[in-house]
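Report on the structure given below.
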Amino acid sequence: MSAIAAADIAWRSHWLQQVLRDDPDLAPPLNGDIRADICIVGGGFLGLWTAIRLKEADPSLDVVVLEKDICGGGVSGRNSGMLLSAWTKFSTIAALRNDEASLQLIDQSSGAIDGIERFCAENGIDCWFDRVGWIWGATCAAQVGAWQDALGKLAKYGRHPARPVTREEIAAMSGTSAHLAGAFDASAATIHPAISCADCARSPAPRRCASTKRPRCAASAAAVRSRSRHPAARSDAGSSFWL
Ligand SMILES: Cc1cc2nc3c(=O)[nH]c(=O)nc-3n(C[C@H](O)[C@H](O)[C@H](O)COP(=O)(O)OP(=O)(O)OC[C@H]3O[C@@H](n4cnc5c(N)ncnc54)[C@H](O)[C@@H]3O)c2cc1C
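Take the sequence shown: its position 194, counted from the start at 1, is 193 in numbering that gives the first Met the number 0, and no numbers get skipped.
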C-alpha cells in the first residue's frame, strides 16, 4: 500500500490535509533493506534540512532520512508557519551567554528567513512564503513596552529589527483593535508548513550539484520492524521519500 488512506488523512493537521488530499501517494512505505552513507532519523524540518545541507556540502553523499510516519507528520507539519527572527529573545540569550553570542544567534535567525526565501525560489518551492511581518502586541497596560528592553539593547549594536506601532496602526494592519500598542517586525514571513515539508522532501538536490544522487527519505526501519510484529499498528502509514 502506498497511498495514504482517507481515514489516515482526516485526523491530521489542516496543513497536512491540504497536501495529502492532493497527493495521497506522497509517502510510499519502505519495503526492503536500504543502504546509505548517512542515515537521518526523523523527517521533520530538522532532518530534512540536515539532509539538504549535507547534499549541498557533498553531493556525492547518499543520504537517507528515516521517518516512521510521513515527513512533516510531527510538529513540523502542524505548527503556526511563522518565520521569525529571534530578536525578542536577545536579553534572555545574552543572560545565558553574552551579548556577542546572543547577537550572533539573532543575526543567524534573521538570515535564515532570507535563506529560506532564497532556497524556495531557487528550487521552485511554492510554500506560500509571504513576507507579511509580525506584531508583538500588548493587549493590556502591563504588557505595553515589553519589547523596549530588547530593542534598546539591539539598537546599541546597530540592529533595529522592529519599530513601535500605535493601536491605530495595529488596527489598520491586523483588523483588530484589541492591542494597545506593539512593535512591528517587517522581516517576518509566513509559510505553509506542510508544503514546506513535502517540498523539502521532494526537492531535488540543489541545482549546482552535479551528482544524480539525491537525499532520500524512507520509512523508519524501526517502524517496519514494528509493523511486522504488530500488523495493525499505525506504522502502516510508514513512508518513504526518494528525492
Ligand atoms: C503548536 C506549535 C506551533 C509552532 N509554531 C512554530 C512557528 O510558527 N514557527 C517556528 O519556527 N516553529 C514553530 N514551532 C516549533 C517547530 O514546529 C519545531 O521546532 C520543529 O518543527 C521541530 O522540527 P523537528 O524536525 O525537530 O521535529 P518533528 O517535526 O517532530 O520531526 C521529528 C520526526 O521524527 C519522527 N520520528 C520520531 N522517532 C522516530 C523513529 N524512531 N524513527 C523514525 N522517525 C522517527 C517523527 O515521526 C517526526 O516526523 C511550533 C511548535 C508547536 C508545537
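Don't be surprised by glycine CBs; every beta carbon is placed ideally from N, CA and C.
Please read all numbers here as calculations on a predicted model, not as lab measurements.
For ligand 1, I want to know if residue i counts as a neighbour, meaning its beta carbon is within less than 7 angstroms of at least one of the ligand's heavy atoms.
i, result
"E168", "no"
"V40", "yes"
"N30", "no"
"F44", "yes"
"L251", "As shown, the chain starts at 0 and ends at 242. That puts residue 251 outside it, with no answer to give."
"E116", "no"
"N97", "no"
"D57", "no"
"D68", "yes"
"G136", "no"
"L19", "no"
"V63", "no"
"S75", "yes"
"S79", "yes"
"G72", "yes"
In or out: residue i buried (at least 16 other Cβ within 10 Å) or exposed?
i, result
"R66", "The sequence shown places Glu at residue 66, not Arg. With 16 or more other Cβ atoms within 10 Å, it is buried."
"A180", "buried"
"R206", "Any reading at R206 must be qualified, since the residue scores a pLDDT of 27, below 50, and its modelled position is unreliable; no value is offered."
"R117", "exposed"
"C139", "exposed"
"A161", "buried"
"T87", "buried"
"S176", "exposed"
"E54", "One point to set straight first is that residue 54 is Lys, not Glu, in the sequence displayed. Under this definition K54 is a buried residue."
"S59", "exposed"
"G136", "buried"
"W10", "exposed"
"E76", "The residue you asked about is not Glu; residue 76 is Gly in the sequence shown. G76 comes out buried."
"H178", "buried"
"A243", "No statement about residue 243 is possible, as the shown extent of the chain runs from 0 to 242 and does not include it."
"L95", "exposed"
"A182", "buried"
"H13", "exposed"
"S210", "Low confidence applies to S210: its pLDDT is 24, below 50, so where it sits in the model is not reliable enough to give any reading."
Check whether the segment 125–138 and the segment 174–191 are in contact - that is, three or more C-beta pairs closer than 8 angstroms. Yes, the segment 125–138 touches the segment 174–191.
Measuring CB atoms only, is the segment 70–83 touching the segment 190–197, in the sense that at least three cross pairs come out at less than 8 angstroms? Contact check between the segment 70–83 and the segment 190–197: three or more CB pairs, one atom from each, fall below 8 angstroms, which counts as touching.
Would you call the segment 67–75 and the segment 37–44 in contact, with 3 or more CB pairs under 8 angstroms? Flag = yes, the segment 67–75 and the segment 37–44 touch.
My parser needs the alpha helix (DSSP H) runs of 4 or more residues fully inside the segment 25–76; what are they? Qualifying alpha helix (DSSP H) stretches, in chain order: 44–56.
How about the segment 23–38 and the segment 49–67: do they share at least three Cβ pairs that are nearer than 8 angstroms? With the cut-off at 8 angstroms, the segment 23–38 and the segment 49–67 touch.
Would you be able to state if there are at least three C-beta pairs under 8 angstroms between the segment 85–100 and the segment 141–155? Yes, the segment 141–155 touches the segment 85–100.
4 or more residues per run - each alpha helix (DSSP H) lying fully within the segment 109–168: For the segment 109–168, whole alpha helix (DSSP H) runs of length 4 or above, ordered along the chain, are 147–155.
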